[in-house]
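Asker: Quick note: the sequence shown uses my numbering, first residue 6, plus one each step. In this text, a Cβ means the ideal position worked out from N, Cα and C, and glycines have one as well. Just so we're clear, the structure is a prediction, and the values are computed from it rather than from any experiment.
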Amino acid sequence: MRRVVILGSTGSVGTQALDVIRRNSDQFTVVALAAGGGNVELLAAQALEFSVELVGVAQAVAAQDLQLALSAAAADQGHDRGTFNLPKVVAGPTASAEVASWECEVVLNGMTGSIGLAPTLAALAAGSTLALANKESLIVGGPLVKQAAAPGQIVPVDSEHSALAQCLTGGKAEEVARLVLTASGGPFRGRTRESLSDVTPSEALAHPTWNMGPVVTINSATLVNKGLELIEAHLLFDVPIDCIEVVVHPQSLVHSMVEFVDGSTLAQVSPPDMRLPISWGLSWPRRVAGAARPCDWSSPSRWDFEPLDQAAFPAVNLARRAAKRGFTAPAVYNAANEECVEAFLQAELAFLDIVDTVDAVLSEHLDQLPRTASAHNDPATLLEDGLTLDDVLAAETWARERTQEILEAKR
């Protein structure tokens, strides 16, 4: 029986993970949950259903509402006479990291955004296996996360990286020629850059394949998400960035591929269902029987592959540029994008201006990287000492502030 902690339990990945565990209660038990605090009723219901020991909420002001929701849910279930032990509640910006440190075998980090970095580091420090769906924590933390992780301690949960990890078992590291990340192309596949000038948030949120949160869905529409996945694959599998390719596959059946030096290619194939990579992350290196339905090979189907239109969707090449420079460049790429996505969702920024603004902020950062990325202000010292957490946090703060300055000038 594996003890599991879930971060981001009320989000898309978190709710699907709980569904996997609900159907496999003989293999997993949930011991702690954490969420932002925007849906305390759901969080309380989850906590009581799985009888967790600890619940964390990032919004300190939501702590009292969570306590009330827990009490109300317990009363509804007939536990209003003091016979039911409610879970311990922690709240505030460090709550998720505290939950990630709870005694368990697996921590599933299903949070969205770079706020997942501290919980990722906390889970690794505690020695738990990290089932990682929060790609941003690896991207912004880079060497910090890799240095903190023991071999095999991080298991990817993103469908593409789970696919790559499974395919990579088919050969030795030195036999890998390149990784091929597949992309659905999002809601605007086939559109020219000019035709995207008047895209609305509701149009960008209409993803043709996946049901995800708003930030990830917008990132899929701009292809920033694929840029982030490019950096993630580079860091997870130690494959040179120029040996990772992105190809558009609208059916989303082939989740990614590995090409080997002898010319053979292994692909991981399944209908689009996040419960499969989630179950693999929770149970690795074993598989969970019946986690998701398989392909129906008795019915006709087609698999299309086409090159990515770099002119219409420059985000992937921009991410490649950030990855090649390394250090705090990926953190700036991600932070600037998070600010732009929020502005777009509030109808304060045009769709094309999302990646254009990220490009402007990243380019400015790259021009001053030695000065900005290190408190030592000395390139030689930066290269000698490597990346620090203070470097990452300072770069993120600068990127967010600079992005807001540019956005303000556009208003």
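(1) Do you know offhand how far arginine 198's Cα is from proline 192's?
(2) Pull up the distance between the alpha-carbon of isoleucine 249 and that of proline 148, whole angstroms please.
(3) Starting from methionine 116, follow its DSSP beta bridges and name the residues at the other end.
(4) Closest by CA to glutamine 158, which one among Thr125, Val181 and Ile236?
(5) Are phenylalanine 356 and leucine 201 touching if we call contact CB-CB under 9 Å?
(6) Within 10 angstroms of its Cβ, does leucine 143 collect 16 or more other Cβ (buried), or is it exposed?
(7) Valine 421: buried (16+ other C-beta within 10 angstroms of its C-beta) or exposed?
(8) Taking buried to mean at least 16 other C-beta atoms within 10 Å of its own C-beta, is glycine 175 buried or exposed?
(9) When we look at the beta-carbon of leucine 394 and count the other beta-carbons within 10 Å, is it buried (16 or more) or exposed?
(10) To the nearest angstrom, how far is it from the Cα of alanine 17 to the Cα of serine 106?
(11) Spell out a yes or no on whether the region 134–142 and the region 34–48 are touching, meaning 3 or more CB-CB pairs, one atom from each, closer than 8 Å.
(12) Since I believe valine 220 is in contact with valine 321 (beta carbons under 8 Å), could you give me their beta-carbon distance rounded to a whole number of angstroms?
(13) Inspect the beta-carbon positions of leucine 271 and methionine 262 and report whether they are closer than 9 Å.
(14) Look up valine 150 in the DSSP assignment and give the residues it is bridged to.
(15) Taking 9 Å as the cut-off, decide whether the C-beta atoms of glutamate 58 and alanine 37 are in contact.
(16) Would you tell me roughly how many angstroms separate the C-alpha atoms of valine 10 and alanine 414, rounded to the nearest one?
(17) Which residue's Cα is closest to the Cα of proline 161: Leu350, Phe242 and Ser225?
(18) For threonine 402, does the count of other Cβ atoms within 10 angstroms reach 16, so buried, or fall short, so exposed?
(19) Please list, in chain order, all residues of the same chain as proline 206 whose beta carbon is under 7 Å from its beta carbon, the five residues on each side excluded.
(20) With distances taken Cα to Cα, identify the nearest neighbour of histidine 260 among Phe310, Val266 and Ala296.
(21) Using three-state DSSP, classify glutamine 273 as helix, strand or coil.
(22) Pairing CB atoms from the region 175–184 with CB atoms from the region 296–307, are three or more of them under 8 Å?
(23) So what does DSSP say about threonine 402, is it helix, strand or coil?
(24) Leaving out the 5 sequence neighbours to the left and right, which residues in its chain are closer than 8 Å to alanine 297 when beta-carbon positions are compared?
(25) Can you tell me whether alanine 74 is helix, strand or coil according to DSSP?
Answerer: Here's the rundown:
(1) Mapped onto the sequence shown, residue 198 falls at position 193. Mapped onto the sequence shown, residue 192 falls at position 187. When rounded, the distance between both Cα atoms is 13 Å.
(2) The residue given as residue 249 occupies position 244 in the sequence shown. The residue given as residue 148 occupies position 143 in the sequence shown. Roughly 19 Å separates the two Cα atoms.
(3) Translated into positions along the sequence shown, residue 116 becomes position 111. DSSP, once it has assigned bridges, lists no residue as partnering methionine 116.
(4) As a position in the sequence shown, residue 158 is number 153, starting the count at 1. When each option's Cα is compared against that of glutamine 158, the closest is Thr125.
(5) Numbered from its first residue, the sequence shown carries residue 356 at position 351. Numbered from its first residue, the sequence shown carries residue 201 at position 196. Against a cut-off of 9 Å, the Cβ pair of leucine 201 and phenylalanine 356 comes out as a contact.
(6) Residue mapping note: residue 143 aligns to position 138 of the sequence shown, counting from 1. So leucine 143 counts as buried.
(7) Nothing in the structure corresponds to residue 421, since the chain is present only between 6 and 416.
(8) Position 170 of the sequence shown holds residue 175. Under the 10 Å beta carbon count, glycine 175 is surrounded by fewer than 16 other beta carbons and is classified as exposed.
(9) By 1-based counting over the sequence shown, the position of residue 394 is 389. Looking at its Cβ environment, which holds fewer than 16 other Cβ atoms inside 10 Å, leucine 394 is exposed.
(10) Taking the sequence shown and counting its residues from 1, the one referred to as residue 17 is at position 12. Taking the sequence shown and counting its residues from 1, the one referred to as residue 106 is at position 101. The question names alanine, but residue 17 is serine in the sequence shown. Separation of serine 17 and serine 106 (C-alpha to C-alpha, rounded to the nearest whole angstrom) is 22 Å.
(11) Contact fails: fewer than three Cβ-Cβ distances are below 8 Å.
(12) Translated into the one-based positions of the sequence shown, residue 321 becomes position 316. Translated into the one-based positions of the sequence shown, residue 220 becomes position 215. In fact, because the Cβ distance is near 18 Å, the residues do not count as touching under 8 Å.
(13) What you label residue 271 is simply residue 266 of the sequence shown in a count that begins at 1. What you label residue 262 is simply residue 257 of the sequence shown in a count that begins at 1. Cβ atoms of leucine 271 and methionine 262: closer than 9 Å.
(14) Locating residue 150 in the sequence shown gives position 145, counting from the first residue. According to DSSP, valine 150 bridges with nothing at all.
(15) Against the sequence shown, residue 58 aligns to sequence position 53. Against the sequence shown, residue 37 aligns to sequence position 32. Result yes, Cβ atoms of glutamate 58 and alanine 37 sit closer than 9 Å.
(16) The sequence position of residue 10 within the sequence shown is 5, counting from 1. The sequence position of residue 414 within the sequence shown is 409, counting from 1. When rounded, the distance between both Cα atoms is 43 Å.
(17) For this step, residue 161 is matched to residue 156 along the sequence shown. The residue among Leu350, Phe242 and Ser225 with its C-alpha nearest the C-alpha of proline 161 is Phe242.
(18) Residue numbering aside, residue 402 sits at position 397 when the sequence shown is read from its first letter. Counting other Cβ atoms within 10 Å of its Cβ, threonine 402 stays below 16 and is therefore classed as exposed.
(19) Locating residue 206 in the sequence shown gives position 201, counting from the first residue. Within the same chain, Phe349, Leu350 and Ala352 come within 7 Å of proline 206 by CB-CB distance, once the 5 residues on both sides are set aside.
(20) Along the sequence shown, read from residue 1 onward, the residue named residue 260 stands at position 255. Closest option to histidine 260, Cα to Cα, is Phe310.
(21) One-based indexing of the sequence shown puts residue 273 at position 268. Look at glutamine 273 here: in three-state DSSP terms it is strand.
(22) Flag = no, the region 175–184 and the region 296–307 do not touch.
(23) As a first step, residue 402 is located in the sequence shown; it is residue number 397 there, counting from the start. In the displayed model, threonine 402 falls within a helix according to three-state DSSP.
(24) Here the question's residue 297 lines up with position 292 in the sequence shown. Close CB contacts of alanine 297 within its chain, under the 8 Å cut and outside five residues either way in sequence, are with Ser275, Pro276, Asp278, Arg280, Leu281 and Ser284 (chain order).
(25) If you number the sequence shown from 1, residue 74 lands on position 69. Alanine 74: helix per DSSP, three-state reduction.
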